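Take a look at the structure below.
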Amino acid sequence: MSDRLHIHTIVSQPFEENTYILWLSSRRDCLVVDPGLEPDRIVEFLQDQDLSVAAILNTHGHADHIGGNETLKASFPSAPLIIGSGDAHMLTDADANLSALYGLPIFSP
Numbered sequence: 092m093s094d095r096l097h098i099h100t101i102v103s104q105p106f107e108e109n110t111y112i113l114w115l116s117s118r119r120d121c122l123v124v125d126p127g128l129e130p131d132r133i134v135e136f137l138q139d140q141d142l143s144v145a146a147i148l149n150t151h152g153h154a155d156h157i158g159g160n161e162t163l164k165a166s167f168p169s170a171p172l173i174i175g176s177g178d179a180h181m182l183t184d185a186d187a188n189l190s191a192l193y194g195l196p197i198f199s200p
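Numbering of the sequence shown is given in this note's numbering, commencing with residue 92 and proceeding in unit increments.
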């Protein structure tokens, strides 16, 4: 019997950034990739599917890809946050992650 990989996409506005939630059918833990600027939609989906977050992965440090980190970490505090070392500084620098440009300074845990 094969274990099916599920991939669910949530498109966050206003930048139409894609958040991906990946999990195996035999498990209830998942990977959340690039939680965007509508984290409540992500948490709602996770609750509806009875999923827990094993890890949060940011592909890079722009605001539309890290905007949901704080909410997800608050909901799933044991989930590690993973980002490349070259972008890690962007988590706490609103100018570098470009959120200051839009008047919405975002700082990630």
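All residues carry an ideal CB built from backbone N, CA and C; glycine is no exception.
These numbers come from a predicted model, not from an experiment.
According to the Cβ coordinates, are residue i and residue j closer than 8 Å?
i: T110; j: I101; result: yes
i: R119; j: D141; result: yes
i: G127; j: H153; result: no
i: L137; j: L115; result: no
i: F167; j: S143; result: yes
i: S169; j: E129; result: no
i: A145; j: L182; result: no
i: V124; j: T162; result: no
i: A179; j: I197; result: no
i: S117; j: D94; result: yes
By the DSSP assignment, the alpha helix (DSSP H) with residue i in it spans what residues?
i: N160; result: 160-166
Within the continuous beta strand (DSSP E) that includes residue i, where are the two ends?
i: H97; result: 96-103
With which residues is residue i paired in a DSSP beta bridge?
i: I112; result: H99, V123
(request) With a floor of 4 residues, list each alpha helix (DSSP H) that falls wholly inside the stretch 115-173, ordered by position along the chain. (result) Considered as a whole, the stretch 115-173 harbours 130-139, 154-157, 160-166 as its complete alpha helix (DSSP H) runs of no fewer than 4 residues, in chain order.
(request) Evaluate the contact criterion for the stretch 163-175 versus the stretch 141-152: three or more CB pairs, one atom per stretch, below 8 Å. (result) Yes, since at least three Cβ pairs between the stretch 163-175 and the stretch 141-152 fall closer than 8 Å, the two stretches touch.
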